[in-house]
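Numbering (my numbering), first residue to last: -7 to 63.
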């Protein structure tokens, strides 16, 4: 598994280990997206991308609720 070709966690004899702390602050719907991000990205970039996804998800849910109440 670790030595599979194309494994994003092993590159050029370097193993990337992804550790995330503070799941309580992250919506469960965003967790799979957050864990699928490129582990080679800097932490601040990953946090920014996750924040954008949380905002996008919240906007989508708000729009869906608005449309449901106006039908």
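Virtual Cβ for every residue (Gly too), placed ideally from N, Cα, C. Please read all numbers here as calculations on a predicted model, not as lab measurements.
Among the options, whose alpha-carbon lies nearest the alpha-carbon of residue i?
{"i": "residue 13", "options": "32, 27, 41 and 61", "result": "27"}
{"i": "residue 53", "options": "22, 17, -3 and 5", "result": "22"}
{"i": "residue 50", "options": "19, 11 and 38", "result": "19"}
Out of curiosity, what's the CA-to-CA distance linking residue i and residue j?
{"i": "residue 5", "j": "residue 42", "result": "28 Å"}
{"i": "residue 45", "j": "residue 7", "result": "26 Å"}
{"i": "residue 58", "j": "residue 25", "result": "25 Å"}
{"i": "residue 17", "j": "residue 55", "result": "22 Å"}
{"i": "residue -3", "j": "residue 29", "result": "18 Å"}
{"i": "residue 48", "j": "residue 3", "result": "31 Å"}
{"i": "residue 36", "j": "residue 11", "result": "14 Å"}
Can the beta-carbon of residue i be found closer than 9 Å to that of residue j?
{"i": "residue 31", "j": "residue 9", "result": "yes"}
Does DSSP put residue i in a helix, in a strand, or in coil?
{"i": "residue -7", "result": "Only weak support exists for where residue -7 lies, its pLDDT of 48 falling under 50; the value from the coordinates is given anyway. Here residue -7 sits in coil by DSSP."}
{"i": "residue 11", "result": "coil"}
{"i": "residue 35", "result": "helix"}
{"i": "residue 6", "result": "strand"}
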